[in-house]
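In our numbering, the protein residues as written are 199 to 607. Idealized CB from N, CA, C, for every residue including glycine.
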């Protein structure tokens with residue numbers, strides 16, 4: 199039940215997932231009905247893989263809760279029944295060796311997550327995750343938010359744009375990276391010391407069965423040591439109506455120090471070579487790389503709660519994305535949880551920033567641990583992944599039993 203509202207309207211500077219989820223929930227409130235506005239460009243679907251494509255099944259429950267729908271409806275509107283199911287039921291992890299140019303081989307391998315082995319009180323067999331194009335999911339979230347009464351205004355998102363729409367007691371929500379232009383920045387974020395560089399592309403499973411490394415409903419997580427640390431790759435079953443021949447997608451990434459981030463072209467070239475080489479190892483062929491390949495160099499932000507850079511603004515994107523982006527495949531889940539928790543907190547008159555930060559603590563801990571394995575601890579991580587992979591990945595694998603993947607059903 200909503201408490202006495204502190205705000206007469208909510209204006210959200212939009213970037214994506216977390217803002218749309220929060221908007222969809224807030225618009226269902228009696229106190230804010232017809233008073234929630236999202237400011238920014240409309241979602242444009244594209245074949246290019248921009249943003250994450252790993253949708254943990256748990257995210258569907260949070261989206262359904264935000265939008266006031268059943269999980270089955272969200273799933274049926276998102277996934278095309280005429281395409282491969284794009285669902286993952288088991289995750290395999292492997293340490294690789296070799297060079298991308300001359301071929302890779304598996305040194306050590308383990309199955310570290312299995313949907314059939316649910317903890318007591320949970321239903322086994324529910325998919326761990328789905329592979330979907332980010333812009334397709336965002337388009338669905340926008341559609342659901344509109345159905346809930348959210349108003350969309352295509353404006354720039356600067357302070358003047360937001361104030362022109364806001365009511366007398368409006369809450370401003372920044373759901374985009376970076377501060378709102380035109381508002382005072384009280385605590386400028388520090389310059390990033392590290393980045394996560396990533397390259398991703400959809401694949402066609404031409405020789406998947408012949409290779410025999412994974413099956414059509416399994417994902418593959420791998421690490422490849424090189425001269426500067428560890429590259430990490432993940433390959434998931436995938437579907438996309440704009441690339442109907444694709445039935446997997448893959449992404450390879452690494453943590454990059456700021457001193458090396460300037461040479462973006464060289465970093466992306468090496469990652470791209472590894473991506474294609476792992477695809478070859480699995481029996482996958484890249485689909486229309488010129489039109490579909492996505493690449494990004496995203497800064498790593500502090501895991502601890504930083505002071506608000508713009509007081510009076512709920513910095514939702516900053517809260518949901520704290521830490522190392524991309525590496526744990528939890529971006530959509532964190533955004534879904536953060537959007538719901540922020541909306542409920544606002545409606546109850548609570549400190550939304552504190553509530554979101556607390557709700558995502560477990561995700562940040564796992565994120566930081568994997569970040570350390572890819573950066574500071576990359577040398578011992580090579581030995582651990584070779585000699586004791588199950589022990590090395592124990593905390594990551596246990597996240598399944600904490601309802602961070604398949605869900606609570």
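Look at the alpha carbon of residue 479 and the alpha carbon of residue 524, and state the distance between them as a whole number of angstroms.
23 Å
Does the stretch 379-387 come within contact of the stretch 497-514, defined as at least 3 CB pairs closer than 8 Å?
yes
Looking at the secondary structure, which residues open and close the alpha helix (DSSP H) in which residue 247 lies?
Per DSSP, residue 247 belongs to no alpha helix (DSSP H) and is neither H nor E.
In three-state terms, what does DSSP make of residue 508?
coil
What number of angstroms, rounded off, separates the C-alpha of residue 575 from the C-alpha of residue 232?
51 Å
Are there three or more Cβ pairs, one per stretch, closer than 8 Å when the stretch 436-453 is compared with the stretch 243-253?
yes
Compute the Euclidean distance between the alpha carbons of residue 330 and residue 277, then round it to the nearest angstrom.
8 Å
What are the uninterrupted segments assigned as beta strand (DSSP E) that are 3 or more residues long and contained completely in the stretch 395-464, given in chain order?
416-424, 427-435 and 446-455
Quick one: complete beta strand (DSSP E) runs, 3+ long, within the stretch 467-505?
492-497
I need the straight-line Cα distance from residue 552 to residue 342, nearest angstrom please.
27 Å
Mark residue 592 as exposed unless 16 or more other C-beta atoms lie within 10 angstroms of its C-beta, in which case mark it buried.
exposed
Could you say which of 482, 476, 292 and 456 lies nearest to residue 497 if we only look at CA atoms?
456
Would you list, in sequence order, the uninterrupted beta strand (DSSP E) runs of no fewer than 3 residues that lie entirely inside the stretch 329-365?
349-351
Does the beta-carbon of residue 589 have 16 or more other beta-carbons within 10 angstroms, so that it is buried, or is it exposed?
exposed
For residue 327, name the three-state secondary structure that DSSP assigns.
strand
Taking the Cβ atom as the reference point for each residue, do residue 364 and residue 465 lie within a distance shorter than 8 Å?
no
Taking the CB atoms as reference points, tell me whether residue 323 and residue 398 lie closer together than 8 Å.
no
Leaving aside the five residues before and after residue 569 along the sequence, list all residues of the same chain whose C-beta is less than 8 Å from its C-beta, in chain order.
453, 498, 521, 522 and 525
Which residues does DSSP pair with residue 524 in a beta bridge?
BP columns for residue 524 are empty, so no partner.
With a cut-off of 8 Å on the beta carbons, I'd call residue 262 and residue 514 a contact; round off their distance for me.
Not really, about 20 Å apart at Cβ, beyond 8 Å.
For residue 559, the nearest candidate out of 230, 315, 536 and 351 (CA to CA)
536
Nearest to residue 340 by CA position, among 406, 421, 327 and 214, is which residue?
214
Spatial neighbours of residue 353 within its chain, please: CB distance less than 7 Å, with the 5 preceding and 5 following residues excluded, ordered by chain position.
237 and 359
Rounded to the nearest angstrom, what separates residue 460 and residue 250 at their Cα positions?
23 Å
When the Cα of residue 409 is compared with those of 482, 367 and 463, which residue comes out closest?
482
Assess contact between the stretch 274-290 and the stretch 402-418, defined as three or more Cβ pairs (one per stretch) separated by less than 8 Å. Is contact present?
yes
Would you list the one or two residues that DSSP bridges to residue 311?
289
Residue of 247, 253, 273 and 206 minimising C-alpha distance to residue 529:
253
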